[in-house]
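S.K.: The following block contains the structure, expressed as structure tokens.
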Amino acid sequence: MTEKYFLGFEEVPYGKFQEMREFAEEKGNVVVAERKENGYPEYELKNGTMIRGDKRGGFNRMENGMPQEEWSVGTVNQYAQGESMGTGDVLFFMPAD
37 MTEKYFLGFE EVPYGKFQEM REFAEEKGNV VVAERKENGY PEYELKNGTM
87 IRGDKRGGFN RMENGMPQEE WSVGTVNQYA QGESMGTGDV LFFMPAD
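As structure tokens, then:
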């Protein structure tokens, strides 16, 4: 099994992923809790920010229960023999460019 690193939908080298992860850690944008809210994946960040998935691969910062600006996700995904295993971990978020 191998791991591949993604920022949003873009596969990136491990070094770039770690650089962005360290930046997210400095800002408190790392995931500390994960749950489902009305069928949507929701993530609480270390700094208290709430992020919710839109069920289409996108994520938004939430405020007062309403979606705000779009955010990008940093994930580590598992692959076996070059094929995605459909498993991975959401580690951090960052405001989308």
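Using our numbering, you'd call the opening residue of the sequence shown number 37 and step up by one each time.
Glycine included, every Cβ here is placed at the ideal spot set by N, Cα and C.
Please read these numbers as outputs of a predicted model, since none were measured by experiment.
Who are the Cβ neighbours of lysine 52 in its own chain at under 8 Å, not counting the five residues just before and after it?
M.R.: Cβ neighbours of lysine 52 beyond the five flanking positions: Tyr41 and Leu43.
S.K.: For valine 68, which option in Gly75, Phe95, Asp125 and Met121 has the closest C-alpha, if you only look at C-alpha atoms?
M.R.: The shortest Cα separation from valine 68 among Gly75, Phe95, Asp125 and Met121 belongs to Asp125.
S.K.: Identify whether arginine 57 lies in helix, strand or coil by the three-state DSSP scheme.
M.R.: Helix.
S.K.: Taking the alpha carbon of methionine 86 as the point to measure from, which residue in Phe129, Pro49, Met37 and Thr38 has its own alpha carbon closest?
M.R.: It is Phe129 whose Cα lies nearest to the Cα of methionine 86.
S.K.: Using only CA atoms, which one of Gln104, Gly89, Glu70 and Thr111 lies nearest to phenylalanine 45?
M.R.: Closest by alpha carbon: Thr111.
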